[in-house]
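Just so we're aligned, residue 594 is where the sequence shown starts under our numbering, counting upward by one.
C-beta: ideal position from N, C-alpha, C; glycine also.
Right, one structure below, let's go through it.
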Amino acid sequence: MALINKSLPVKTVRKPRSVTINPPKMCQPMGAILAYMGVHRCVPLVHGSQGCSTYPRYNIARHFRESAEVAVSSLAEDAAVYGGAKNLTEAIKNVKSRLNPALIGICTTCMSETIGDDVRLISKKAMAPDDTMRIIPASTPSYVGTHLTGYDNAMRALVETLAAKGKGEPNNKINIITGIINPGDIREIKNMLRIMNVNNIFLSDISETLDTPIMPGGHKPLLPDGGTEPSDIIDSANSLGTIAICRTAGSAATYLQNKFKVPAVLAEAPIGVANTDRFVQNISMLSGAFIPDEIKKDRGRLIDSMVDVHHYMYGRKVAIFGDPDLVSAIVRFCAEAGMNPTVAMTATKHKDFAPDIKAVNSEYKTDTQILEGTDLYEFHEVVKAQGAELILGNSKGKDVADDEGVPLVRFGFPVYDRVGVYRYSIMGYNGSIYLLDQMTNAILGHKYDPNKLHQ
Ligand code: SF4
């Protein structure tokens, strides 16, 4: 369906540099904090220096427009010599007395990992024998992986620490591991499950904790309402199955399968027609639920919206960067819509990324260039060579889009130069319609430099 670009062969580009320029990725604690913030009355505690919590809080505030309670053990130079046990013990006691949380989710940092603090032992010693509060320690060294690794490690730590097999029958619920997606996405997935009448446990759920309503009286609680109840995380061992929406966050699903025989499904993110079809089929397969007409009508509306805009979008060159699960799903959706995805870039390496893009290339006869584990400098170089009439990515792509004189449709995290992006879904049939409308309106509303088109 899409145009074939023979200018460059499909290959994974290796950067011929020893410096990284503008990488669209963040360190592990950022992701771990987002996983913890989706749990009811859970306070993330960063075991590291002040900036290791300030920087994630800054990104959360800019993206979600919410303040975030993130504690820090405030390590300084002396901790490098004497260790961080004293600071972490004090921090746990302070968080407990000031916020009275149900859980504290600890994530380590470059410094505490290099010192080699035994976080598990330190936190055990900091607890009184009759404490009901639970501590979840996750190892999130920032010199390995990215924010996605941090999310995955924290989610696995939550499930490994809490999940327990009950004595009765399965709970007739489906576990959904979200990964780093937006509150709007979670609400759309919940809506689909409600229509299908499928009970669920979200691991975890930021749809309310990071999109908090101001209720009559104007009072916002110190720790927001919402989030997954710890009792539900315990119960996740008794579910009918687990679906990881983002495969980069799938290790908790694999743990539940290996330890408690809860079947795990790690498939493409539900964006576009084929991927959402697969998601709906997986829900149906694990739960035994029928696929109701309401879902089929939403699917039909997506197909209709693709037909409606086909003459605007056919053959349009689009370059996409971001987290691998979202990028590969959007590449497939763009190909389904008749567009020409010229470049797919992610800073986080993942084993499924290149095979996903190659599968789209083979099915749709596209020629998408794959960039993996690289940065926006290299992305920009390839965009210049391959051409793009539209760029999709987070706010960090603004300069590339401005330089190329093309619009940037924002998705993913962080988006800090537009408001409200976190409120809307790009997932499921309805979210895909929204994404396609955003792309089409960006094309329609932009005046292109004719010298730069279809290079
Ligand atoms: S990279 Fe290391 S030092 Fe920098 S914010 Fe992340 S954890 Fe802290």
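At which residues does the beta strand (DSSP E) containing residue i begin and terminate?
i: Q962; result: 962 to 965
i: P730; result: 727 to 731
i: G1052; result: Given that the chain is displayed from residue 594 to residue 1048, the structure contains no residue 1052 and the question cannot be resolved.
i: I1019; result: First-last for I1019: undefined, no H or E at that position.
i: I626; result: Per DSSP, I626 belongs to no beta strand (DSSP E); it is in the alpha helix (DSSP H), 621 to 630.
i: I794; result: 792 to 796
Return the bridge partner residues of residue i from the DSSP annotation.
i: H640; result: T701
i: A937; result: I913, I963
i: G834; result: I767
i: R1003; result: G986
i: A857; result: T835
i: A664; result: L638
i: L1049; result: Shown here, the chain extends from 594 to 1048; a query on residue 1049 therefore has no answer.
i: L751; result: Looking at the DSSP assignment, L751 forms no beta bridge with any residue, so it has no partner.
Between which two residues does the alpha helix (DSSP H) harbouring residue i extend?
i: F946; result: 946 to 957
i: R787; result: 776 to 788
i: N680; result: 678 to 692
i: F872; result: 866 to 880
i: H904; result: 903 to 906
i: S824; result: 823 to 828
i: N615; result: Segment: none, N615 is in no alpha helix (DSSP H) and carries neither H nor E.
i: A695; result: First-last for A695: undefined, no H or E at that position.
i: V975; result: 969 to 979
i: Y675; result: 670 to 675
i: A719; result: 712 to 719
i: A994; result: 991 to 997
By alpha-carbon positions, which one of the options ends up nearest to residue i?
i: N764; options: N775, I888, L833; result: L833
i: K686; options: C703, Y675, C700, A664; result: A664
i: D995; options: E822, I984, F1004; result: I984
i: D828; options: N793, S667, P694; result: N793
i: L786; options: G1021, I1036, A1035; result: G1021
i: I1019; options: K951, L895, V612; result: L895
i: P734; options: S921, K889, T707, P1007; result: T707
i: A1035; options: Y1017, Y1009, G998, R1016; result: G998
i: I728; options: G738, T739, I715; result: I715
i: D825; options: D897, G810, M808, I770; result: I770
i: R780; options: L1037, N1023, H1039, T1033; result: N1023
i: N851; options: F883, N790, S800, V752; result: V752
i: Y970; options: K951, G986, V993, T961; result: V993
Is the beta carbon of residue i sitting closer than 7 Å to the one on residue j?
i: L849; j: V858; result: no
i: G772; j: C839; result: yes
i: Y736; j: C703; result: yes
i: A721; j: R634; result: no
i: F795; j: T821; result: yes
i: Y1041; j: N775; result: no
Would residue i count as contacting chain D if we go by Cβ distances under 7 Å?
i: Y1009; result: You won't find chain D in this structure, because it holds only one protein chain.
Do the stretch 870 to 882 and the stretch 933 to 951 make contact, defined as three or more Cβ pairs closer than 8 Å? Below 8 Å, too few C-beta pairs join the stretch 870 to 882 and the stretch 933 to 951 to call them touching: fewer than three.
Evaluate contact between the stretch 615 to 622 and the stretch 641 to 659, counting only Cβ atoms and requiring at least three cross-stretch pairs below 8 Å. Touching, yes, given that three or more Cβ pairs across the two stretches are closer than 8 Å.
Is the stretch 740 to 749 close to the stretch 806 to 818, with three or more CB pairs under 8 Å? Taking 8 Å as the limit for Cβ pairs, the verdict is that the stretch 806 to 818 does not touch the stretch 740 to 749.
Three or more C-beta pairs under 8 Å: does that hold for the stretch 804 to 812 against the stretch 829 to 844? Verdict: no, contact absent.
Is it true that the stretch 916 to 936 meets the stretch 950 to 961, where meeting means three or more beta-carbon pairs spaced less than 8 Å apart? Below 8 Å, enough C-beta pairs join the stretch 916 to 936 and the stretch 950 to 961 to call them touching: three or more.
Between the stretch 1026 to 1043 and the stretch 933 to 944, do three or more beta carbon pairs fall short of 8 Å? Verdict: no, contact absent.
Quick one: any contact between the stretch 966 to 983 and the stretch 885 to 903, if contact means 3 or more CB pairs under 8 Å? Touching, no, given that fewer than three Cβ pairs across the two stretches are closer than 8 Å.
Would you call the stretch 989 to 1007 in contact with the stretch 916 to 923, where contact means no fewer than 3 C-beta pairs closer than 8 Å? Two segments are said to touch when three or more pairs of C-beta atoms, one from each, lie closer than 8 Å; by this definition the stretch 989 to 1007 touches the stretch 916 to 923.
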